[in-house]
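Chains as they are written, first to last, in this note's numbering: chain A, 63 to 339; chain B, 1124 to 1365.
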Amino acid sequence: MTVVADVSRLSKAAGLHQRGLAWRSVVLPWFLPLGLLLVWQFLSATGIVSTAIVPAPSDIWDAARQLAKRGELQHDILVSLRRVAIGFSIGALSGLLFGLAVGLFELLHDLFDRSLQMIRTIPHLALVPLMILWFGIGEEPRLILVAMGSLFPVYINTVGGIRNVDPKLIELGRSYGLGRAELVWSIILPAALQPILVGMRYALGVAWLTLVVGETIASRDGVGYLVQNARELLRIDIIVLAIILYAIAGWLSDLVTRLIERRLLRWHPSYADRVKA
Amino acid sequence: MSGASVSLRSVGKSFAGRTVLNGVDLDIAAGQFVSIIGPSGAGKSTLLRLVAGLDAPSRGRIELRATGHKADVRLMFQEDRLLPWRTVLGNVLLGVKGRKGDAGRILDAVGLQGRESEFPVGLSGGQRQRVALARALIHEPDLLLLDEPFGALDAITRAAMQLLLEQLLVARPRTVVLVTHDVEEALLLSDRVLLVKDGGIARDLIFDQPRPRHRSDPALATLKEELLDGLLTAERDLAAVA
Ligand SMILES: Nc1ncnc2c1ncn2[C@@H]1O[C@H](COP(=O)(O)OP(=O)(O)OP(=O)(O)O)[C@@H](O)[C@H]1O
Ligand SMILES: [Mg+2]
């Protein structure tokens, strides 16, 4: 009898534990940021920290509302989003295609990989002055820079992912009668998917970083331009607002890629919830 | 008899200078069920991989012959080698061109009905092994090579799988080579038992007891003793070397 009672108590504890976990993973991560925000507001309101150095959260909120009323905020955010979307798409897609070609074909690997690895070592931001000389401050230099920044993380992870597929699984595919194309589609690509997605996530981070630099240096709109302009007008509140916008954008894009990862890799031991397909 | 015949002529295999198999001569008739037993590391898996054509022998020649066409060979590997990104059904259907309808029947037979759409990550070791078995069986090859297919199964499931294998072979006879650690399993299922040790075939027993066989059969018990003796001396030799 005692054993039975023990078991039921255990399972009840497990249930509580589960609920506790859900609560913890949803609510707890927000404690620190919200707490900091409150402390920050308090320090500014009481004058302990001068608003001339760091504006209060409420000031930043007001600045955001003003900019939004004039339509500037939305416009700049959309422009920046568009740049990242286009630049990242071009870069990641080329990285993926190059990576697939070089990873799958030994000949192309010998032909291109060394050169691409060498180009990779050039910090792409070092090309900013050159880009401005060549293209002025039009749209192209920013898109090219963002694309270059996104290309290599995807390329390297794609090549690495393909070349590191468990040879036992390739042997299995061969001995079970898969042709070359089937082998690539059924075994090599799925096995390389996780590193490829990791590369994409990393590339997205680089894309945002590149955009910040690109827009701050030479631009007529976008969030970076907002910062540039605010610096000239000594509007610290707008500068901090822009920083927060970048942070939110980075966080959101990370969230989206994580969701995609979770969906595509639902068979993977680290993602699987042991659910049906 | 349908199935492929196998012949090995003074076959040897070395890895980085270390000889694993040496001078193996072996003829397996079409339709024969051969079991291979032997101590761990004796080269049983190596032998199967050579016959499957996955590795080339360092010395000697291996020939497979099937009537009228190129012999179709399937090896069920010692590890399950399931593709984690494919469902149970997807794994069983790997490389299957026609006959897709058979998958349901075979999954039923190995006791995995209702789990077709699960990914391998949620399966137990024995379940994974049964998926791998179903995957090897569905192809109906001329030569079926099984490397310890029932190693991770409990006694009851193991008996059920042995029965399943026998039934499938009655329905569609073919050549089978089974590696096992279980002498009784070898004697229950096979026409012939090989003991592999010291890089060669130390014992070669033809065993033509009528089927179905029973564990309690005295003839089976005598042979079991004899083979276990052979295994034991092999283990002792190993210990002496170490
Ligand atoms: N690819 C390889 N490279 C180097 N050595 C190998 C390789 N494959 C097998 N061997 C060696 O060959 C020997 C026989 O290995 P094998 O896997 O055939 O043994 P086994 O009889 O199947 O053993 P077990 O019962 O444990 O599965 C071992 O000593 C192993 O280390
Ligand atoms: Mg083995």
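Don't be surprised by glycine CBs; every beta carbon is placed ideally from N, CA and C.
Values in this document were obtained by computation on a predicted structure and should not be read as measured data.
Are the segment 254–273 of chain A and the segment 100–111 of chain A touching, with three or more C-beta to C-beta distances below 8 Å? no
Classification of lysine 1193 of chain B by the beta-carbon crowding that lies within 10 angstroms, buried from 16 upward: exposed
Consult DSSP for glutamate 1239 of chain B and reduce its assignment to one of helix, strand or coil. coil
On the three-pair Cβ rule with 8 Å, is the segment 1327–1339 of chain B touching the segment 1293–1313 of chain B? yes
Pick out the complete beta strand (DSSP E) segments inside the segment 1269–1323 of chain B, 3 residues or longer, and give them in chain order. 1298–1302, 1315–1320
Who pairs with threonine 278 of chain A in a beta bridge, going by DSSP? Beta-bridge pairing links threonine 278 of chain A to no other residue.
Using the beta-carbon of each residue, which ones in chain A are nearer than 7 Å to arginine 1367 of chain B? Residue 1367 of chain B is absent from the model: chain B starts at 1124 and stops at 1365.
Is any non-hydrogen atom of ligand 2 found closer than 7 Å to the C-beta of valine 1302 of chain B, if you look at the structure I gave you? yes
How is the beta strand (DSSP E) around valine 1143 of chain B delimited, first residue to last? 1141–1151
How big is the Cα-Cα spacing for serine 156 of chain A and lysine 1220 of chain B? 34 Å
Heavy atoms of ligand 2 versus C-beta positions, residues under 6 Å: B:Lys1167, B:Ser1168, B:Gln1201, B:Asp1270
Contact set between glycine 239 of chain A and chain B, taken where Cβ atoms lie within less than 7 Å: Gly1218
Could you tell me which of A:Ala118, A:Ile199, A:Leu187, A:Leu96 sits nearest to tyrosine 287 of chain A, measuring between CA atoms? A:Ile199
Below 7 Å CB to CB, which residues in the same chain sit around valine 141 of chain A once its five sequence neighbours on both sides are set aside? Asp283, Gly284
Less than 8 Å between the CB atoms is what I'm expecting for alanine 188 of chain A and glycine 149 of chain A, so what's the real figure, rounded? With 8 Å as the limit, alanine 188 of chain A and glycine 149 of chain A do not qualify as a contact, their Cβ atoms being about 17 Å apart.
Using a beta-carbon distance cut-off of less than 7 Å, what residues from the segment 1163–1183 of chain B approach chain A? Ala1175, Leu1177
Cβ of threonine 278 of chain A within 8 Å of Cβ of leucine 207 of chain A? no
Cβ-based burial, threonine 1345 of chain B [other Cβ within 10 Å; buried from 16]: exposed
Rank B:Ser1137, B:Val1147, B:Thr1280, B:Arg1141 by C-alpha distance to the C-alpha of valine 1129 of chain B and give the top, closest one. B:Val1147
With DSSP collapsed to three states, give me the class of methionine 63 of chain A. Here methionine 63 of chain A scores only 40 on pLDDT, less than 50, and its place in the model is too uncertain to base an answer on.
Quick check: does the Cβ of valine 1157 of chain B come within less than 7 Å of any heavy atom belonging to ligand 1? no
By a C-beta neighbour count over all protein chains shown, 10 Å radius and 16 as the cutoff for buried, is proline 1264 of chain B buried or exposed? buried
Whole-angstrom Cβ separation of valine 1302 of chain B and aspartate 1327 of chain B, contact assumed at under 8 Å? Actually they do not touch by this definition, with Cβ atoms about 15 Å apart.
Taking C-beta pairs closer than 7 Å, name the residues in chain B that proline 331 of chain A reaches, listed in chain order. Val1244
Is serine 1163 of chain B near ligand 1, going by C-beta to nearest heavy atom under 7 Å? yes
For leucine 1217 of chain B and arginine 1297 of chain B, the rounded distance between their alpha carbons: 21 Å
Which whole-angstrom value is the C-beta distance of leucine 1256 of chain B and valine 1233 of chain B, which I expect to be below 8 Å? 6 Å
Count the CB pairs spanning the segment 288–306 of chain A and the segment 115–127 of chain A that are closer than 8 Å, and state whether there are at least three. yes
Could you name the residues of chain B that isoleucine 322 of chain A contacts, counting a contact when the two beta carbons are closer than 9 Å? Correct list: empty, because the minimum Cβ distance to chain B is about 15 Å.
Give the straight-line distance between the Cα atoms of threonine 220 of chain A and serine 1158 of chain B, rounded to the nearest whole angstrom. 44 Å
Contact with chain B by proline 257 of chain A, beta-carbon distance below 8 Å: no
Looking at the secondary structure, which residues open and close the beta strand (DSSP E) in which arginine 1182 of chain B lies? 1182–1188
Rounded to the nearest angstrom, what separates arginine 1172 of chain B and glutamate 202 of chain A at their Cα positions? 57 Å
Measure the C-alpha to C-alpha separation of leucine 1187 of chain B and leucine 83 of chain A and round it to an integer number of angstroms. 59 Å
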